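Everything below concerns the one structure shown next.
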Amino acid sequence: FFTRTYIGEDLAAGRLKEIRVRKMAPLHRDSALVRLGRTVPLSPAALHLVDLIRAHAQRLGLSPSRPAPPRR
221 FFTRTYIGED LAAGRLKEIR VRKMAPLHRD SALVRLGRTV PLSPAALHLV DLIRAHAQRL
281 GLSPSRPAPP RR
């Protein structure tokens, strides 16, 4: 199982071939958005990216409506 990000170019070039497996449940990978604990705030661009990812995850039912509290 590879994400298309890693193998898309090889698929397009014909170096790899996709094989579909019948009667098999879809494979999924969990992802997390993490960052180092710092006192410096994120840049406006980074904050916008976090907001976009969080909103998309919520639409898919993959994320709580508010961020988890920081762990220490």
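Counting in the numbering used here, the sequence shown tops out at residue 292, every number present. Glycine is no exception: its CB is placed at the ideal position from the N, C-alpha and C atoms. All of these numbers come straight from a predicted model, not from anything done at the bench.
Contact check for residue 262 against residue 254 fails: the beta carbons are separated by 9 Å or more. Residue 281 has its alpha-carbon roughly 24 Å from the corresponding atom of residue 265. The residue from 251, 246, 224 and 260 with its alpha-carbon nearest to that of residue 237 is 224.
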